[in-house]
Amino acid sequence: MASNPSKSPWIRMMVPIFIVVVIVGIWYMKNQPTESEIDSNQSQLSAGVADSNSDFSLLVTKEIDMEKLKSYGIPIIIDFGADSCIPCKEMAPVLKELNEELQGKAIIRFVDVWKFPDLAKGYPISVIPTQVFIDAKGKPYTPEDPNTLPLKKYNAKTTNEHVFTTHEGGMTKEQLLAVLKEMGVE
48 MASNPSKSPW IRMMVPIFIV VVIVGIWYMK NQPTESEIDS NQSQLSAGVA DSNSDFSLLV
108 TKEIDMEKLK SYGIPIIIDF GADSCIPCKE MAPVLKELNE ELQGKAIIRF VDVWKFPDLA
168 KGYPISVIPT QVFIDAKGKP YTPEDPNTLP LKKYNAKTTN EHVFTTHEGG MTKEQLLAVL
228 KEMGVE
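Pasting the structure below:
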């Protein structure tokens with residue numbers, strides 16, 4: 048008996064497709080998170096959101112009470128950036144590390160201006176990342192050597208009082224530590 052030539056190419060094409068579909072299905076099933084993993088991730092996320100409202104946590108999700116932060120009597124760095132800007136991404140692990148290492152010695156905060164644009168109001172932010180520096184006395188940071196870093200000093204128009212010192216662009220851990228040391232971190 049002769050085989051039907053029209054079915055043979057169809058079968059030859061369908062068998063590899065079927066095998067690929069089975070392999071993808073197995074991979075998909077193996078890589079699905081379990082219920083306990085989902086619960087764990089959700090609780091970590093909830094904890095992170097709760098922690099983000101603390102005065103000493105890295106992430107800022109509500110308006111900053113600068114007077115309260117100044118009352119701690121330690122240096123403050125607030126980094127205004129975004130999760131999707133390249134220099135901000137490069138600084139993110141440094142900010143996280145310094146925030147963890149310097150708890151109680153300095154306040155290191157991060158404001159995502161794309162997620163929370165209202166939190167940047169009142170600060171001289173024209174590019175990201177921009178860091179705002181407040182020394183341990185609650186005053187805008189004044190560097191010993193103004194040529195060390197390209198910092199910007201902002202004065203109030205009416206009183207000419209120094210109200211902000213900022214740096215625009217990314218900073219290394221070493222640069223941030225040098226500024227923090229000058230601002231009073233031991």
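Read left to right, the sequence shown gives residues 48 to 233 (my numbering).
Quick reminder that beta carbons are idealized off the backbone N, C-alpha and C, glycines included.
Uninterrupted beta strand (DSSP E) stretches at least 3 residues long and entirely within the region 123-203 occur at 123-128, 154-159, 177-181, 198-202, given in chain order. Gln150 counts as exposed, since fewer than 16 other beta carbons sit within 10 angstroms of its beta carbon.
Within the model, the alpha-carbon separation for Pro56 versus Ile66 is close to 16 Å. Judged by beta-carbon spacing, Lys117 lies within the 8 Å limit of Gly185, meaning their Cβ atoms are closer than that value. If you look at Glu229, you'll find it in the alpha helix (DSSP H) that goes 220-229. The criterion of a C-beta distance shorter than 8 Å is not satisfied by Phe127 and Ala153.
In this structure, the alpha-carbon of Glu215 lies about 19 Å from that of Glu191. In this structure, the straight-line span from the alpha carbon of Glu208 to that of Ala129 is close to 30 Å.
In this structure, Pro187 is the residue among Gly231, Leu224, Pro187, Met218 with its C-alpha nearest to the C-alpha of Phe211.
Secondary structure at Glu110: coil, using DSSP grouped into helix, strand and coil.
Looking at the DSSP output, Glu215 bridges to Thr177. A distance of 8 Å or more separates the beta carbons of Thr213 and Pro164.
For the pair Leu105 and Thr177, the Cα-to-Cα distance works out to about 15 Å.
With distances taken between CA atoms, Leu198 lies nearest to Met218 out of Asp159, Ala183, Met218. Gly72 and Val62 have their C-alpha atoms some 15 Å from each other.
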